[in-house]
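Working notes, beginning with the structure itself.
In the working numbering, the protein residues as written are 887 to 1259.
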């Protein structure tokens, strides 16, 4: 099956082909025909990395009237990076269509520049919830012509504390014809938003069976060692995968900063992101990682929220997360776009109980591997 068979126009399909997006993923195959042809509220549940951006992006862009110079669609994103990524994808999807203008707005950047940008013709706004409310309060964005609103990575928006902002935005846009919510997990907070703001007749599409919370293309592995041996095991993993990039997760910014220094001392091309970084510093690190001049990114859970980086061969849990949804989002950084990936946990014997917990809670199987001496 191809995208034209799903109902996607030739001009969009041509843009997709240039991006080497030829065969629809399961979520795309189920969602696109539905959203192209009828006005509806929709809840889409699929693991990270299964192609949700094209699943909602193609129907959303197909509904835009390019000659009508007004904001006709709104996409809410948890982070600046994911918002920028969505806007870039929309630009590439529309390479061969009539010009559709997308503007990404987010916190951590001068609001005056974004207000000026929004004065240009804009059809789609991609926004973080907090910044969107600031723009609405300043009268800098007109949402009266919005017909479609998308909540992307809705569970991550809740984790980042945007529940109040989402309620305000969805209440303001209560009469919008199409409200599409996409999420990897369905915690109570998401169910509350669905009940409060989406139609009782909303369509629900779930990819994978209910027990399958994690992308099945990920190989989950663990190595048992003493705490002081963790760096040695990590270096083995990095050296065995010299030609590829990976993300290493720590629980705290202190642990992240320490590990960055240790890796750099071993001449490893590594840097990191954590809560203390200024936006300009974070952007510099992310640029280096995306253009592959940096091979290893060390990150805390919250700092890595919303990252969308292609072709990651592996993620490493240098410190295991406390919550199973953190494990889902961490491991979901790899095995994107149908590729396989490795999620490696480096644990002490005391941490083995967490491995057993994740196996049961997430219905996954960990394979123990031996670290070389």
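Ideal Cβ placement from N, Cα and C applies to all residues, glycine included.
- When the beta-carbon positions are compared, residue 990 and residue 1003 stay at least 7 angstroms from each other.
- Going by C-alpha positions, residue 1180 is about 34 angstroms away from residue 1247.
- Residue pairing for residue 1131: DSSP places it in a beta bridge opposite 1198.
- Ranked by Cα distance from residue 1197, the options 1222, 1211, 1082 are led by 1222.
- The beta carbon of residue 1089 lies closer than 6 angstroms to those of 926, 928 in the same chain, with the five residues before and after it left out.
- Between the C-alpha atoms of residue 1195 and residue 939 there is a straight-line separation of about 13 angstroms.
- Residue pairing from DSSP places residue 1157 in a beta bridge opposite 1183.
- Three or more Cβ pairs closer than 8 angstroms define a contact, and the region 1141-1152 falls short of that threshold against the region 1165-1174.
- Annotation for residue 1061: no beta strand (DSSP E) segment contains it, and DSSP assigns it neither H nor E.
- It is roughly 20 angstroms from the alpha-carbon of residue 986 to the alpha-carbon of residue 889.
- The beta carbons of residue 1011 and residue 957 sit about 5 angstroms from each other, so the pair counts as a contact at 8 angstroms.
- With fewer than 16 other Cβ atoms inside 10 Å of its own Cβ, residue 951 counts as exposed.
- Taking a contact as a CB-CB distance under 8 angstroms, the pair residue 977 and residue 1108 does not count as one, their CB atoms being some 40 angstroms apart.
- The region 1234-1250 makes no contact with the region 1071-1084; the number of CB pairs closer than 8 angstroms stays below 3.
- Within the same chain, no Cβ atom closer than 6 angstroms to the Cβ of residue 1022 is found once the five residues on either side in sequence are excluded.
- Beyond the five residues adjoining it in sequence on each side, residue 1049 comes within less than 7 angstroms, by CB distance, of 1075 in the same chain, given in chain order.
- Here residue 1030 is exposed: its Cβ has fewer than 16 other Cβ atoms, across all protein chains shown, within 10 Å.
- Excluding the 5 residues flanking it on each side, residue 1214 has same chain C-beta neighbours closer than 8 angstroms at 933, 934, 1070, 1071, 1099, 1100, 1248, in chain order.
- Residue 1211 has its alpha-carbon roughly 24 angstroms from the corresponding atom of residue 1113.
- For residue 1253, the uninterrupted beta strand (DSSP E) segment begins and ends at 1252-1254.
- Taken atom to atom, the span from the alpha-carbon of residue 1130 to that of residue 996 is near 35 angstroms.
- Residue 1064 is classed as buried because its beta carbon has at least 16 other beta carbons within 10 Å across all chains shown.
- Relative to residue 975, the option among 1207, 1020, 907 whose CA is nearest is 907.
- Secondary-structure assignment with DSSP links residue 1106 through a beta bridge to 1229, 1252.
- Take residue 1250, set aside five residues on each side of it, and the residues of its chain with a beta-carbon closer than 6 angstroms to its own are 1100, 1106, in chain order.
- Excluding the 5 residues flanking it on each side, residue 1046 has same chain C-beta neighbours closer than 8 angstroms at 964, 965, 1188, 1191, in chain order.
- In the DSSP assignment, residue 1089 falls within the beta strand (DSSP E) that extends over 1089-1092.
- The beta carbon of residue 984 lies closer than 7 angstroms to those of 952 in the same chain, with the five residues before and after it left out.
- Beta-bridge analysis with DSSP links residue 917 to no other residue.
- Taking the Cα of residue 1068 as reference, the smallest distance to any Cα among 1239, 913, 903, 1233 is reached at 913.
- Taking all protein chains shown into account, residue 1152 has fewer than 16 neighbouring C-beta atoms within 10 Å of its C-beta and is therefore exposed.
- Only exposed fits residue 1128, as fewer than 16 other CB atoms lie within 10 angstroms of its CB.
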